[in-house]
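Residue numbers (this note's numbering), protein chains in the order written: chain E, 3 to 202; chain L, 3 to 202.
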């Protein structure tokens, strides 16, 4: 069996969104399992002393342009949300709740959250909005709200953040093939090449 | 005539070094002029409130690994210098002095500086070392020292820094194809694709 792919992402990360649209195809091509792992980029930035992209003047100016260009290149719809970046605890906890039932459904939910945020600009900070998106995936609204508020999924998300920090996950998206780390949407081609060649 | 390529880089930037080994081949492939433009990354970081890579714990840990892996992939020799990062005023000013005489020789000099720094670990902060490398390119040692100390080339380098900031150059390497901006060694494939397809 080939090494699995672990796909770390923050629900508020534009490049995470772009990667979420491509990662499963790469997994399928190489017959790899893909494990989706939403985490909180803020927890990593704190360790790194980094500020959000939008606060880094020159970098944001470039990135805003580059995200649009990259979305065009890969034919992914994209619009900068009015609220950006946002805290993504609600979506992350809901994801792990769904993931325990059905990992494929959790991926479908994650893509829906990304699309609603990065195409329609929905405020995904809101627990209600997140639970409505879960309901669109035929999950129970009230149960989703309970899960978002539960210590169980608070702790689950914190654990993934800790894991991310421990494994030097320094941005979103961040991909592992086995132990091999790849940071950024622009490394997906390298991930593909790594899987194709077995590494170098 | 196709748009020219402008190649902004800092002499202390590992990814700039990796790109310097590949950029001319991309230019040749598409019949583009390539203009090399060393600048001071520190001047950009000041505007962005960014700290050097090496001070960002998780990011540096990843990048150090990634630079080695990328160097292996492209068969470029690489070793982390003892002094890193370093101020690159001397090399930058010497570059622009040579560039006025002979842009191809200036590129050869720039590659030599990069190699001596990133393979042999030479302290390229030193004016003497930089002038010795110019002398290896059959330029006059004393004249090089005079140029490094001159207001003319101090100002020239400052002008390029200002241009870099004005054009949102937010890291090294940073490449323009006409006005189209590309940040990072890992975007060279996109530069290639952009030139191949005429953009999207």
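Using N, Cα and C, we set each Cβ at its ideal position, and we do this for glycine too.
**Report entry** Given residue 48 of chain E as reference, the closest of E/190, E/164, E/141, E/186 once Cα atoms are compared
**Finding:** On the first chain, position 46 is the one that residue 48 of chain E refers to. Distance check between residue 48 of chain E and each of E/190, E/164, E/141, E/186 places E/164 closest, using alpha-carbon atoms only.
Query raised in the report: residue 90 of chain E: which of E/129, E/135, E/38, E/69 sits nearest, CA to CA?
Result: The count along the first chain starts at 1 and reaches residue 90 of chain E at position 88. The candidate whose alpha carbon is nearest that of residue 90 of chain E is E/129.
Query raised in the report: Can you tell me whether residue 200 of chain E is buried or exposed, with buried defined as 16 or more other CB within 10 angstroms of its CB?
Result: Taking the first chain and counting its residues from 1, one reaches residue 200 of chain E at position 198. Exposed is the call here.
Query raised in the report: Candidates E/5, E/19, E/6: which alpha carbon is nearest residue 116 of chain E's?
Result: Here residue 116 of chain E corresponds to residue number 114 of the first chain, with the count starting at 1. If we check each option's Cα against that of residue 116 of chain E, E/19 comes out closest.
Query raised in the report: In terms of alpha-carbon separation, which member of L/59, L/93, L/162 lies closest to residue 113 of chain L?
Result: Translated into the one-based positions of the second chain, residue 113 of chain L becomes position 111. Checked all of L/59, L/93, L/162; the closest Cα to residue 113 of chain L is L/93.
Query - Interface partners of residue 74 of chain E on chain L, CB under 9 Å - result: Numbered from its first residue, the first chain carries residue 74 of chain E at position 72. Listed along chain L are 202, each with a C-beta nearer than 9 Å to that of residue 74 of chain E.
Query raised in the report: What number of angstroms, rounded off, separates the C-alpha of residue 78 of chain E from the C-alpha of residue 29 of chain L?
Result: Residue mapping note: residue 78 of chain E aligns to position 76 of the first chain, counting from 1. Residue mapping note: residue 29 of chain L aligns to position 27 of the second chain, counting from 1. Going from the Cα of residue 78 of chain E to the Cα of residue 29 of chain L covers about 29 Å.
**Report entry** As assigned by DSSP and simplified to three states, the class of residue 46 of chain E
**Finding:** Here the question's residue 46 of chain E lines up with position 44 in the first chain. Residue 46 of chain E falls in the helix class under three-state DSSP.
Query - Pair within 9 Å by beta-carbon distance, residue 40 of chain L and residue 68 of chain L - result: Counting from 1 along the second chain, the entry for residue 40 of chain L is found at position 38. Counting from 1 along the second chain, the entry for residue 68 of chain L is found at position 66. Contact flag unset, no.
Query - Which residues DSSP lists as bridging residue 157 of chain L, in chain order - result: By 1-based counting over the second chain, the position of residue 157 of chain L is 155. Residue 157 of chain L is not bridged to any residue.
Query raised in the report: With respect to the beta strand (DSSP E) encompassing residue 57 of chain E, which residues constitute its N-terminal and C-terminal limits?
Result: In the first chain, counting from the first residue as 1, residue 57 of chain E sits at position 55. It is not in any beta strand (DSSP E) - residue 57 of chain E carries neither H nor E in the DSSP assignment.
Requested in this report: Could you tell me how far apart the beta carbons of residue 217 of chain L and residue 88 of chain L are, in whole angstroms, since I believe they sit closer than 8 Å?
Outcome: The structure shown does not extend to residue 217 of chain L, since chain L is modelled only from 3 through 202, so no value can be given for it.
Requested in this report: Please confirm whether any heavy atom of the ligand SAM lies closer than 8 Å to the CB of residue 51 of chain L.
Outcome: Among the ligands in the structure shown, none appear at all, so the ligand SAM cannot be discussed.
Report task. Could I get the ranges of all uninterrupted beta strand (DSSP E) runs contained in the region 129 to 154 of chain L, with 3 residues as the minimum, in chain order? Result -> For the region 129 to 154 of chain L, not a single whole beta strand (DSSP E) run of length 3 or above is found.
Requested in this report: Return no unless some Cβ of chain L is closer than 9 Å to the Cβ of residue 49 of chain E.
Outcome: By 1-based counting over the first chain, the position of residue 49 of chain E is 47. It does: the Cβ of residue 49 of chain E has a partner Cβ on chain L nearer than 9 Å.
**Report entry** Interface residues of the region 112 to 139 of chain E facing chain L [CB-CB below 8 Å]
**Finding:** Near chain L, meaning a CB-to-CB distance below 8 Å, no residue of the region 112 to 139 of chain E qualifies.
Requested in this report: Report the partner residues of residue 7 of chain L according to the DSSP bridge assignment.
Outcome: As a working mapping, residue 7 of chain L is identified with position 5 in the second chain. Paired residues: L/36, L/179.
Query - Local Cβ density within 10 Å of residue 43 of chain E, reported as buried at 16 or more and exposed below that - result: Here residue 43 of chain E corresponds to residue number 41 of the first chain, with the count starting at 1. Under a 10 Å Cβ-count criterion, residue 43 of chain E is classified as buried, with 16 or more other Cβ atoms of the shown protein chains found around its own Cβ.
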